[in-house]
Amino acid sequence: MVKLILNELNKLKEDSWMLDGFPRTVPQAKALYKDKPVDLVLNLNVPFEVIIDRIKGRWTHAPSGRIYHTEFNPPKVMGKDDVTGETLIQRDDDKEETVRNRLQIYQNQTQPVLEFYRKHGILTEFTGKYSNEIWPMVFEFLSTRSEPIQYTQYS
Numbered sequence: 016m017v018k019l020i021l022n023e024l025n026k027l028k029e030d031s032w033m034l035d036g037f038p039r040t041v042p043q044a045k046a047l048y049k050d051k052p053v054d055l056v057l058n059l060n061v062p063f064e065v066i067i068d069r070i071k072g073r074w075t076h077a078p079s080g081r082i083y084h085t086e087f088n089p090p091k092v093m094g095k096d097d098v099t100g101e102t103l104i105q106r107d108d109d110k111e112e113t114v115r116n117r118l119q120i121y122q123n124q125t126q127p128v129l130e131f132y133r134k135h136g137i138l139t140e141f142t143g144k145y146s147n148e149i150w151p152m153v154f155e156f157l158s159t160r161s162e163p164i165q166y167t168q169y170s
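Structure, rendered in structure tokens:
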């Protein structure tokens, strides 16, 4: 994975770049830092309960991929797709137990990575519960940077 990411970053030459979702482990962080010294790491602290509530409210119309949310985008008729009237499903990875397990794994892997970057003095953290709460802080912080940042997402 590190070689793949480095290959893509090398194509950017002197451009600024941002990774989302990588590195996920300390060995990946060390390898990346060795070849492409990172000058800034952002971490968004969102309480696990907020994440769980957001995800467990998702329901999907499997044939079309339309996604509903019990709170933010509810279907007109609970449990039914707005277009076809077919039954919505909750994917296994949207169920509370699955989300809790994934978050625990994430925390176990991420905390050492954050500590690695904290020791290098390049970690900045933002805490909140909602995008419209966190994003203005991130935007303001990034707007103080002297160069525009290229955004590339790897998930």
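With my numbering as the guide, the letters of the sequence shown map in order to residues 16 to 170. From the three backbone atoms N, C-alpha and C, an ideal C-beta is built for every residue, glycine too.
- In terms of Cβ geometry, Val-153 and Leu-57 form a close pair [threshold 8 Å].
- Boundaries around Thr-125 are those of the alpha helix (DSSP H), 111 to 134, since no beta strand (DSSP E) includes it.
- Distance from the Cα of Gly-36 is smallest, within the candidate group Leu-27, Val-17, Arg-133, for Val-17.
- In the DSSP assignment, Phe-141 is bridged to Leu-59.
- Under DSSP, Ile-149 forms no beta bridge with any residue.
- Taking C-beta atoms as the reference points, Trp-150 and Leu-103 fail to come closer than 8 Å.
- Each residue's CA atom was taken as its position, placing Arg-81 and Pro-52 some 40 Å apart.
- In this structure, Pro-38 and Leu-24 do not form a Cβ contact; the two beta carbons are roughly 12 Å apart against a cut-off of 8 Å.
- If you draw a straight line from the Cα of Lys-144 to the Cα of Ile-70, it comes to about 13 Å.
- Just so you know, the alpha carbons of Ile-137 and Asp-54 end up roughly 6 Å apart.
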